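Residue numbers (the numbering used here), protein chains in the order written: chain A, 1 to 293; chain B, 1 to 135. Reviewing the structure listed below.
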């Protein structure tokens, strides 16, 4: 049976922890809101980008489209994986889930055929102890993600692909559905699949227009495809950041609840111990008085 | 009153402008490009330069654009810019610093830096300085 002093100090510790987790929860909630806004405001661009790709695809549909980023290599022996993880912990199973997914993707490949590009410190430390070669390490800016960060990553993965160091590139990131649901997702980034990107915009709407291209459709496509990759990476990064904040918020909210439960449990046993003390003292006094008779 | 059309300027980070306008002047990859209402459908690459928008309310807005695309369809014009800054948002001292940095890189060009990138950086900085001074 712990003494009253021990119980009191445990209550104090729990209260301190609760204060911290509560503050972290509120910070995460505020940042989540901002991150969600960023996901929202990136949407018009990527939708429009998709439209433009669709119009280009229609204009070029008769011709054989050739571009290094569209070239499919079969069989794909060397694989590149771009994985987006967290920088910091205390966000529940967020980092574990994404790393588990990444390991799943890597499982069928021999380590020497793998090139890893890792975003986030959690992933970097995770793969340092594993045989897979990490060729790129990045850290996303959690509070103010800039498009230039995605471009930098995009440049490196395109170089890896075009130079033939990898035959296919997968992107592993956590897709953001809501503050409570985030799911690790794998998408093939390179080669760009024309069915999805170029023809995915659906059949031409009525009165579809014949576009003029300036300087030419091929040249625009050549500029557009790399930008498309950057956009996908940017989207993945902003989704991952929103997911991380969401995950942290949920984790910290349950930590605060658990601390609250612990405090009330400890308060109960403190009261019991105090009552037991009083009862014991009364019994002693009664016993003493009895003996004096 | 002149005919108007809808114009959106979007960057990967946000929507910069969404308004009804009477004309827009753009820096296309190989020369300046002016668009009025009723323009034929067009897809064009953009270069670096200033974009002058004449709104239907009669105002004139100037943006610094760097790279991207413009899509002109029957109903609307969409500018997909890599970066777009309104004249009032440009930080003149930062732009000047960027220009100095780019010039310095230019003077010690070796194999490590891409000359096109340096040229583009210089052009970007010069455009921003010009626009910021003009407003």
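Ideal Cβ positions, reconstructed from N, Cα and C, are used throughout, including at glycine. In this text, all values refer to a predicted model and were calculated from it rather than measured experimentally.
Alpha carbon to alpha carbon, how far is residue 271/A from residue 23/A? 29 Å
Go through the stretch 65–143 of chain A residue by residue and report every complete run of the beta strand (DSSP E) that reaches 3 residues or more, in order. 79–84, 114–119, 134–138
Using a Cβ-Cβ cut-off of 8 Å, state whether residue 202/A counts as contacting chain B. Low confidence applies to residue 202/A: its pLDDT is 47, below 50, so where it sits in the model is not reliable enough to give any reading.
According to DSSP, residues forming a beta bridge with residue 170/A: 81/A, 188/A
State buried or exposed for residue 239/A, treating a residue as buried only when at least 16 other CB atoms are found within 10 Å of its CB. buried
Taking 8 Å as the cut-off, does the stretch 113–124 of chain A touch the stretch 95–104 of chain A (at least 3 CB pairs, one atom from each stretch)? yes
Is residue 40/B helix, strand or coil by DSSP? coil
Using the beta-carbon of each residue, which ones in chain B are nearer than 9 Å to residue 219/A? 29, 45
Neighbour list for residue 163/A in chain B, Cβ cutoff strictly below 9 Å: Residue 163/A does not reach chain B, its nearest Cβ partner there being about 16 Å away, counting only Cβ pairs nearer than 9 Å.
Sheet register partners of residue 54/B (DSSP bridge): 23/B, 60/B
With DSSP as the reference, label residue 290/A as helix, strand or coil. helix
Straight-line CA distance for residue 67/A to residue 105/B? 31 Å
Below 8 Å CB to CB, which residues in the same chain sit around residue 20/B once its five sequence neighbours on both sides are set aside? Within the same chain, Cβ atoms closer than 8 Å to the Cβ of residue 20/B are found at 4, 5, 6, 7, 55, 56, the five residues on either side in sequence being excluded.
When 246/A, 280/A, 268/A are compared against residue 90/A, the one with the closest alpha-carbon: Among 246/A, 280/A, 268/A, the Cα nearest to that of residue 90/A belongs to 246/A.
What residue range does the beta strand (DSSP E) around residue 76/B cover? 76–86
For residue 213/A, does the three-state DSSP call read helix, strand or coil? strand
Give the interface partners of residue 42/B over in chain A, defined as CB-CB distance under 8 Å, in chain order. 211, 212, 213, 214
Quick test of the definition: if touching needs 3 or more C-beta pairs under 8 Å, does the stretch 48–55 of chain A touch the stretch 79–94 of chain A? no
Determine, for residue 175/A, whether the minimum Cβ-Cβ distance to residues of chain B falls below 8 Å. no
Starting from the C-beta of residue 168/A, find all residues in its chain whose C-beta is less than 6 Å away, skip the five residues before and the five after it, and write them out in chain order. 76, 79
Mind listing which residues of the stretch 36–50 of chain A have their C-beta closer than 7 Å to chain B's C-betas, in chain order? 41, 42, 44, 45, 48, 49
Is there a Cβ from chain B that is less than 8 Å from the Cβ of residue 60/A? no
Alpha-carbon spacing of residue 111/A relative to residue 130/A, whole angstroms: 9 Å
Quick check on DSSP: helix, strand or coil for residue 183/A? strand
To be precise: take each residue of the stretch 228–243 of chain A, compare its Cβ to all Cβ atoms of chain B, and keep it if any distance is under 8 Å. Which residues remain? 230, 231, 234
Does residue 66/B come out as helix, strand or coil in the three-state DSSP assignment? Reduced to three states, the DSSP call for residue 66/B is strand.
Between residue 171/A and residue 187/A, how many whole angstroms is the CB-CB distance? I'm expecting something under 8 Å. Taking a contact as a CB-CB distance under 8 Å, the pair residue 171/A and residue 187/A counts as one, their CB atoms being some 5 Å apart.
Using a Cβ-Cβ cut-off of 8 Å, state whether residue 146/B counts as contacting chain A. No answer is possible for residue 146/B: it lies beyond the span of chain B, which begins at 1 and ends at 135.
Touching or not, the stretch 37–49 of chain B and the stretch 215–234 of chain A, by the rule of three or more beta carbon pairs under 8 Å? yes
To the nearest angstrom, how far is it from the Cα of residue 175/A to the Cα of residue 234/A? Using only the alpha carbons, I get a separation of about 12 Å.
By alpha-carbon positions, which one of 135/A, 141/A, 72/A ends up nearest to residue 38/A? 141/A
Among 38/B, 37/B, 50/B, whose alpha-carbon lies nearest the alpha-carbon of residue 26/B? 50/B
Do we get a CB-CB distance below 8 Å when we pair residue 206/A with the residues of chain B? Note on residue 206/A: pLDDT 39, under 50, position unreliable in the model; the coordinate value appears next. Judged by the 8 Å Cβ criterion, residue 206/A is not in contact with chain B.
Residue-chain proximity (residue 5/B, chain A), Cβ-Cβ < 8 Å: no
Given this structure, state the Cα-to-Cα distance separating residue 131/B from residue 179/A, to the nearest angstrom. 42 Å
Hey, does residue 52/A have any beta-carbon neighbour from chain B nearer than 8 Å? yes
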